[in-house]
Structure formats: C-alpha cells, structure tokens
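In the numbering used here, the protein residues as written are -5 to 72. Cβ coordinates follow ideal geometry from the N, Cα and C atoms, glycine included. Written below as structure tokens is the structure these notes are about.
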C-alpha cells in the first residue's frame, strides 16, 4: 500500500513539532520551523502543506467574489 514520501514524513515531523512547541509554551514556533505568524487584523496565517509558508487573507478572494454576487443580486431586485 506504499509508504509516505520523504516530503510527507518531513511535513508530519514539522506539524508534530509545531503542536509540541505550542503545548509546551503556548507558542508553536521553534528552531528550524517556518515562523507561524500571530493572527490579527492582517489575517496572517501559516499555510501548512508539504512546504510551509506564511501567508495572509486566506478567504479574501472568496469574500470578494460573494460580495460581488450579493451586490449584483441586490441591484437586480431594484
């Protein structure tokens, strides 16, 4: 049934390290890990995939899409 790839094993170890760090001291960050930014008004987050990276505004495009749809629907009703 095949095993995990090297990349998948690395991802698994990294996620375990994030959770362990968080459980130990309330902060998921640690040496050798991509910095997990604190969430705030900028809506920064850590994208967790085979490669981790900091990003922001995860849902921005979806929110803009639905806001435009709602605006169009309201305009059509008038």
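Helix, strand or coil at residue i according to DSSP, with G and I counted as helix
i	result
residue 37	coil
residue -2	coil
residue 53	coil
residue 4	helix
residue 47	strand
residue 23	coil
residue 28	coil
residue 18	helix
residue 70	helix
Per DSSP, the bridge partner or partners of residue i
i	result
residue 61	In the DSSP output, where bridge partners are listed per residue, residue 61 has none listed.
Integer-rounded CB distance, given that residue j should sit under 8 Å from residue i
i	j	result
residue 50	residue 37	5 Å
residue 12	residue 27	7 Å
TODO: Decide yes or no for the touch test of the stretch 43 to 57 against the stretch 2 to 19: beta carbon pairs closer than 8 Å, at least 3 of them.
DONE: Taking 8 Å as the limit for Cβ pairs, the verdict is that the stretch 2 to 19 does touch the stretch 43 to 57.
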